[in-house]
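Colleague:
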Amino acid sequence: MKTLLSGNEAVARGAYESGVSVASAYPGTPSTEILETIASNFPEIYAEWSPNEKVAFEVGVGCSFAGGRALVAMKHVGVNVAADPLFTLSYTGVRGGFVLVSADDPGMHSSQNEQDNRNYARFAKVPMLDPSDSQEAKDFVLRAFQLSEQFDVPVILHSTTRIAHSKSLVELGERVEMAPPQGFIKDCQKFVMIPAHGRRRHAIVEERLKKLREYSDECSLQRMEIMDEEIGIITSGISYQYCREVLPQASILKLGIIYPLPENLIREFAGRVKKLYVVEELDPFFEEQIREMGLDVQGIGKRLGELSPDVLAESFRDAGARNTARMQEDDHPDIQLPARPPAMCPGCPHRSVFYVLKKKKLTVTGDIGCYTLSVLPPLETMDTCVCMGASIGTAMGIEKATHRSDNVVAVIGDSTFVHSGITGLVDMVYNKSKGTVIILDNETTAMTGRQEHPGTGRTLMGEETTRIKLLDLARSLGVEYVKEVNPYNLDELESVLDEAINLDKLAVLVTNQPCLLLRRSREVQIVEVDQDLCIGCQLCLRLGCPAISSITPDDKKARIDPSLCSGCMVCVQICRSKAILPVTNDE
Amino acid sequence: MSGVTNIILTGVGGQGILMASEIISEAAVQVGYDVKKSEIHGMAQRGGSVNSHVRFGEKVYSPLVMKGDCDLLLAFEKLEALRMASFIKEDGAIIVNDQQVNPSTVASGAATYPENIEEILNIHFKSVTFIDALKIAKAAGDPRAANTALLGAASKLLSIPVEIWEDAISRRVPKRAIEVNLKSFYMGQQDSGL
């Protein structure tokens, strides 16, 4: 009996069927559902949200060293955070199998870059598997663990948004019976990477790579589909599906293990087809290696953005494989349509903070979360956003370069702060910053779907636990000026911000209103714009609240959509004409 | 690819698009088809567009519908219907929920919501049906069942037996909402004029 599963759900199922002991992760699109599915469905697996991907990875390392199978999942940029332990785990090797799931985001549907994590396999000298649908996403998990244990190496399971979030049919299997982890067995030469030991292990790594190359050549995960020999395509992952869709008759070498490449198989395939192509998303990872082998290959794909069957069809047309690609006619209406960008929800507690920061014309070094949306019009009040936790270090750098601290504010969310803002704040204390940091504490990891984190007091499994109190944390780090502030109270917000900026001392402000979507209350006092009192100044529109709009471009008065208003009352405080008033409920 | 039915659902976050997409997919699986569907979760809650592609047939490779290949566009909002126009086959069908949700660019006055969306669609496509799914759902008993009203209309164009629709809806919607969703589905079937 087959079930429709997303790639993420299938990976979770694969973890279950592989007898995984520990699964750890930090939320990150498109990987988030892996741990959520494990937590909801498979109590046999210990599942945790870790504060960040490095810790998540290290928890997995411990499980593996103790003899248990570990699965660690993250988005592509998460691997950057976990890279330190990854590279050295490649040297130590494993005990219980270790699988890292890297869910990449070609096209940056919700990421700050579209780095191609296939490069990590080559750099860290570890094998990488690349499933093409949900069935493979599940099946490859077990293969990855087997590979990991056979060759004493961490294995990366590669995924992309289209695999992770697309659904396809999966035949389920049984959970493999694993002996409980035997516990840690001393082996300093293997586990302690002082230089003397590391040098020995490096030699082992290079030997292992040779054996992995042979394995890759013989592995059943590599599939040669010989059909029309005019065109031969080497491909993997979701690109395989697009190739089959657009060129149903082409010969394809479908790679399941994409590092190391199966060189002999590739040469054999190249010899059997007239013209050799490689189809891949983002970097010419395959193309360059295949050229290095001395083979003549044409790369089809995009360096920028996501591949799609449409783009592929066009690329093959342009490459001259016209007869075999399907023709697309493009005579459809081509009108400029209003964009529909995302926005912070009506009533979001972050909105007023940025409104006030903008009013004060401050430079805002920002970070990653729902609040990143403050960069969009009309607020346009985030000036930098590079990676998780960067807001604080960046503000510090600006301060030290310009010798001014009263015109820059670092803004960071609660989950982001725990992830990688704490060390930035330590730097500010230690290296004598006089700047201001605002921690937006909405009591959740919101953008990825409202997950728990160490500051919420609940685990992934919903259990109560010690809550890390951010105010106390800041004080215990040595920050003297630490204040809590209600972002819905504009006067309070402005006066505390003024005080903090002009203090000439390091200041940390923590907002204290939860994410609106956490509130279950149906009792909301909504507001409306009195059309007689409204003078059409449009000051309220500068909030960018989705509930507030102007009536028409000509009639500049504002109106509030009663189905969207959440009753936060921020616009009420902004309106100079006192034209926004509570709606009296007479239903 | 011949033999594959291509459906795109589109609209704004919060309209129940992904639920509708789950129901169609579930129904297609029950009929015995190979099914693939694709969706972007990202920005649904934050008022952005939501699209889901559903493809079913004997064998489906790509989870994405290609431009000009879409047999049925099920649009929960008018502007999003127009935005996806380039995907639709010339003789494909469009069912649109007659609802306007202003994007932030329109609310702020930076852009204008196109008028005459129905007219524009009718010029380029032969089968365009506008229905007031919200009105149907309210009459059935719950405005949140607007998505199943649209599915009711869509069911007139897809060769999936009604028992399979009923089963899929019953398995996917919250237990307490099964009855009202089924009612909304039947009313959508009747009121669609298809």
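Taken in sequence, the protein lines are chains A and B.
Position in the first sequence counted from 1, then plus 1010, gives you this note's numbering.
Position in the second sequence counted from 1, then plus 1116, gives you this note's numbering.
Quick reminder that beta carbons are idealized off the backbone N, C-alpha and C, glycines included.
A quick note: this is a predicted structure, and the numbers were derived from the prediction, not measured.
Rank S1120(A), N1090(A), Y1026(A), E1509(A) by C-alpha distance to the C-alpha of T1458(A) and give the top, closest one.
Modeller: The sequence position of residue 1458(A) within the first sequence is 448, counting from 1. Closest option to T1458(A), Cα to Cα, is S1120(A).
Colleague: Is the Cβ of G1554(A) closer than 8 Å to any Cβ of chain B?
Modeller: Counting from 1 along the first sequence, the entry for residue 1554(A) is found at position 544. Chain B, which has a Cβ nearer than 8 Å to the Cβ of G1554(A), makes this yes.
Colleague: Would you say L1386(A) and G1423(A) are within 8 Å of each other, going by their C-beta atoms?
Modeller: If you number the first sequence from 1, residue 1386(A) lands on position 376. If you number the first sequence from 1, residue 1423(A) lands on position 413. Cβ distance not < 8 Å, so L1386(A) and G1423(A) don't count as in contact.
Colleague: Taking the beta carbon of N1127(A) as the centre, do at least 16 other beta carbons fall within 10 Å, making it buried, or is it exposed?
Modeller: Taking the first residue of the first sequence as position 1, residue 1127(A) is located at position 117. Buried, because 16 or more other Cβ atoms sit within 10 Å of the Cβ of N1127(A).
Colleague: Quick one, which of D1501(A), P1205(A), G1088(A) has its alpha-carbon nearest E1124(A)'s?
Modeller: Here residue 1124(A) refers to the residue found at position 114 when the first sequence is read from its first residue. Taking only the C-alpha atoms, the option nearest E1124(A) is G1088(A).
Colleague: Smallest Cα separation from D1140(A): which of V1283(A), M1237(A), K1588(A), K1264(A)?
Modeller: Locating residue 1140(A) in the first sequence gives position 130, counting from the first residue. Among V1283(A), M1237(A), K1588(A), K1264(A), the Cα nearest to that of D1140(A) belongs to K1264(A).
Colleague: How about V1145(B): is its C-beta nearer than 8 Å to some C-beta of chain A?
Modeller: Position 29 of the second sequence holds residue 1145(B). So, interface residue.
Colleague: What is the rounded straight-line gap between the Cα of E1409(A) and the Cα of P1294(A)?
Modeller: Working through the first sequence from its first residue, we reach residue 1409(A) at position 399. Working through the first sequence from its first residue, we reach residue 1294(A) at position 284. Distance between the alpha carbons of E1409(A) and P1294(A): 40 Å.
Colleague: Looking only at its chain, what residues have a beta carbon closer than 6 Å to the beta carbon of T1126(B), apart from the 5 residues adjacent to it on each side?
Modeller: The sequence position of residue 1126(B) within the second sequence is 10, counting from 1. Answer for T1126(B): N1167, A1191, E1196, M1200, listed in chain order.
Colleague: Taking its Cβ as the centre, do 16 or more other Cβ atoms sit within 10 Å of G1299(A), making it buried, or is it exposed?
Modeller: Counting from one through the first sequence, the residue named residue 1299(A) turns up at place 289. Note on residue identity: the sequence assigns Gln, not Gly, to residue 1299(A). Buried is the call here.
Colleague: Are the CB atoms of L1292(A) and V1307(A) nearer to each other than 8 Å?
Modeller: For the purposes of this step, residue 1292(A) is taken as the residue at position 282 of the first sequence. For the purposes of this step, residue 1307(A) is taken as the residue at position 297 of the first sequence. Between L1292(A) and V1307(A), the C-beta spacing is not below 8 Å.
Colleague: What are the boundary residues of the beta strand (DSSP E) that Y1287(A) is part of?
Modeller: Counting from one through the first sequence, the residue named residue 1287(A) turns up at place 277. Its beta strand (DSSP E) spans residues 1285 to 1291.
Colleague: Exposed or buried, what is C1198(A) when buried is set at 16 or more other beta-carbons lying within 10 Å of its beta-carbon?
Modeller: For the purposes of this step, residue 1198(A) is taken as residue 188 along the first sequence, with counting starting at 1. The residue is exposed, with fewer than 16 neighbouring Cβ atoms inside 10 Å.
Colleague: Taking only beta-carbon atoms, is G1127(B) less than 8 Å away from chain A?
Modeller: Along the second sequence, read from residue 1 onward, the residue named residue 1127(B) stands at position 11. Not one chain A Cβ lies under 8 Å of G1127(B).
Colleague: From the DSSP output, in three-state form, read off T1126(B) for me.
Modeller: Walking along the second sequence from the start, residue 1126(B) turns up at place 10. Three-state result, T1126(B): strand.
Colleague: Does DSSP put Y1491(A) in a helix, a strand or coil?
Modeller: Here residue 1491(A) corresponds to residue number 481 of the first sequence, with the count starting at 1. Three-state DSSP puts Y1491(A) in a strand.
Colleague: Which same chain residues end up closer than 6 Å to L1322(A) when comparing Cβ atoms and leaving out the 5 residues on each side of it in sequence?
Modeller: Position 312 of the first sequence holds residue 1322(A). If we look at L1322(A) and ignore the five residues flanking it on each side, its Cβ neighbours are Y1252, V1256.
Colleague: Excluding the five sequence neighbours on either side, which residues of its own chain have a C-beta within less than 7 Å of the C-beta of N1417(A), listed in chain order?
Modeller: As a first step, residue 1417(A) must be located in the first sequence, where it is residue number 407. Excluding sequence neighbours, N1417(A) sits near L1372, T1373.
Colleague: When DSSP labels each residue in this structure, what does V1087(A) get in the three-state scheme?
Modeller: Stepping through the first sequence from its first residue, residue 1087(A) is reached at position 77. In this structure, V1087(A) counts as helix in the three-state DSSP scheme.
Colleague: Can you name the start and end residues of the beta strand (DSSP E) that Y1269(A) belongs to?
Modeller: As a first step, residue 1269(A) must be located in the first sequence, where it is residue number 259. 1267 to 1269 is the span of the beta strand (DSSP E), which, as asked, contains Y1269(A).
Colleague: In this structure, how does DSSP classify T1458(A) when only helix, strand and coil are distinguished?
Modeller: Numbered from 1 along the first sequence, position 448 holds the residue referred to as residue 1458(A). In this structure, T1458(A) counts as coil in the three-state DSSP scheme.
Colleague: For M1188(A), collect the residues of the same chain with a Cβ closer than 6 Å to its Cβ; drop the 5 residues on either side in sequence, then sort them by chain order.
Modeller: As a first step, residue 1188(A) must be located in the first sequence, where it is residue number 178. Cβ neighbours of M1188(A) beyond the five flanking positions: G1029.
Colleague: Does S1165(B) have its Cβ less than 8 Å from a Cβ in chain A?
Modeller: For the purposes of this step, residue 1165(B) is identified with residue 49 of the second sequence, where counting begins at 1. By this cut-off, S1165(B) is an interface position.
Colleague: Nearest chain B C-beta to C1578(A) closer than 8 Å, yes or no?
Modeller: The residue given as residue 1578(A) occupies position 568 in the first sequence. No, no contact with chain B.
Colleague: Evaluate contact between the stretch 1082 to 1098 of chain A and the stretch 1059 to 1070 of chain A, counting only Cβ atoms and requiring at least three cross-stretch pairs below 8 Å.
Modeller: yes
Colleague: Taking only beta-carbon positions, decide if K1177(A) is within less than 8 Å of chain B.
Modeller: Stepping through the first sequence from its first residue, residue 1177(A) is reached at position 167. It does; some Cβ of chain B falls within 8 Å.
Colleague: Identify every run of the beta strand (DSSP E) within the stretch 1534 to 1595 of chain A, keeping only runs that are complete inside it and at least 3 residues long; order them along the chain.
Modeller: 1537 to 1539, 1558 to 1560, 1568 to 1570, 1590 to 1592
Colleague: Per DSSP, A1080(A) is paired with what?
Modeller: The residue you call residue 1080(A) lines up with position 70 of the first sequence. In the DSSP output, where bridge partners are listed per residue, A1080(A) has V1032(A), F1108(A).
Colleague: So with CB distances below 7 Å, who are the chain B contacts of D1320(A)?
Modeller: One-based indexing of the first sequence puts residue 1320(A) at position 310. The answer, in chain order, is M1182, K1183.
Colleague: Within the same chain, show all residues whose beta-carbon is closer than 6 Å to that of D1067(A), passing over the 5 residues directly before and after it, in chain order.
Modeller: Against the first sequence, residue 1067(A) aligns to sequence position 57. Note on residue identity: the sequence assigns Phe, not Asp, to residue 1067(A). Taken in chain order, the residues that qualify are V1082, A1092, P1095.
Colleague: In this structure, does DSSP put C1355(A) in helix, strand or coil?
Modeller: As a working note, residue 1355(A) is residue 345 in the first sequence. Correct three-state label for C1355(A): coil.
Colleague: Would you check if the stretch 1543 to 1550 of chain A and the stretch 1507 to 1521 of chain A touch, i.e. whether three or more CB-CB distances between them fall below 8 Å?
Modeller: no
Colleague: For the alpha helix (DSSP H) holding D1482(A), just list the boundary residues, first then last.
Modeller: In the first sequence, the residue the question calls residue 1482(A) occupies position 472. Start and end: 1480 to 1486.
Colleague: Could you pull out every residue in the same chain whose Cβ sits closer than 8 Å to the Cβ of G1554(A), ignoring the five residues on either side in sequence?
Modeller: Here residue 1554(A) refers to the residue found at position 544 when the first sequence is read from its first residue. The residues are A1353, M1354, R1361, L1386, P1387, P1388, L1389.
Colleague: With a threshold of 8 Å between beta carbons, is V1110(A) in contact with chain B?
Modeller: Position 100 of the first sequence, counted from the first residue, corresponds to residue 1110(A). For the record, residue 1110(A) in the displayed sequence is Leu; it is not Val. No, because no Cβ of chain B sits closer than 8 Å to the Cβ of L1110(A).
Colleague: Does the CB of H1342(A) have a neighbour CB from chain B at under 8 Å?
Modeller: Against the first sequence, residue 1342(A) aligns to sequence position 332. Per-residue confidence for H1342(A) stands at a pLDDT of 48, beneath the threshold of 50, marking its modelled position as unreliable; the derived number appears in the next sentence. At least one CB of chain B lies nearer than 8 Å to the CB of H1342(A).
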